[in-house]
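Undergrad: Here you go, one structure.
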Amino acid sequence: RLSSLIAEGNKISSYPEALLPSSAPSLATLDLSNNDLAQVPPELGLSKMLTRIVLVGNPIRSIRAELLRGGAEALKKFLRTRLEGGEEPVKGSGDDAVIKDLLRSATATGELDLSG
2 RLSSLIAEGN
12 KISSYPEALL
22 PSSAPSLATL
32 DLSNNDLAQV
42 PPELGLSKML
52 TRIVLVGNPI
62 RSIRAELLRG
72 GAEALKKFLR
82 TRLEGGEEPV
92 KGSGDDAVIK
102 DLLRSATATG
112 ELDLSG
């Protein structure tokens, strides 16, 4: 199972559903820094395994910068409040198929590095 995903600087514009806790429950490290993400789905806050989240360098305006730079637990707590607030979850896009294929190929090593 995938435990680490590093995909910095890949121009990802929407959060892939394949990286939500329901699809990637063992994900512990997520680095999507320096992409084109404008939103992060509140469901990410439900991940029990995720201990490192790096999202700096994305045009995310709905989350304070200090939360994005802070620890994973504080960010997950904030995201859970958004989920409980009844906000519409962010849906993935065409990036999902690419990410799913890459996730399948990474199962042997448990790590996927897409930094560019």
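Under my numbering, the first residue of the sequence shown carries the number 2, and numbering increases by one thereafter. For each residue, glycine too, the CB sits at the ideal point set by N, CA and C. Note that the coordinates shown come from a computational prediction; the quantities given were computed from them, not determined experimentally.
Sorted by chain position, which residues of the same chain lie with C-beta nearer than 6 angstroms to Lys-77's C-beta, five sequence neighbours on each side aside?
TA: The residues are Gly-46.
Undergrad: What first and last residue would you give for the alpha helix (DSSP H) that runs through Arg-70?
TA: First-last of the alpha helix (DSSP H) with Arg-70: 66 to 70.
Undergrad: What does DSSP give as the partner residue(s) for Val-55 in the beta ladder?
TA: DSSP, once it has assigned bridges, lists Asp-32 as partnering Val-55.
Undergrad: Exposed or buried, what is Asp-37 when buried is set at 16 or more other beta-carbons lying within 10 Å of its beta-carbon?
TA: Label assigned to Asp-37: exposed.
Undergrad: Which word fits Ser-94, buried or exposed, when buried means at least 16 other C-beta atoms lie within 10 angstroms of its C-beta?
TA: With a pLDDT of only 49 at Ser-94, under 50, the local geometry of the prediction cannot be trusted, and the value read off the model is given with reservation. Ser-94 comes out exposed.
Undergrad: By Cβ distance below 8 angstroms, which residues in the same chain neighbour Ala-29 in space, the five residues on each side in sequence not counted?
TA: Excluding residues within five positions, the ones whose Cβ falls inside 8 angstroms are Ser-4, Ser-5, Met-50, Leu-51, Thr-52, Arg-53.
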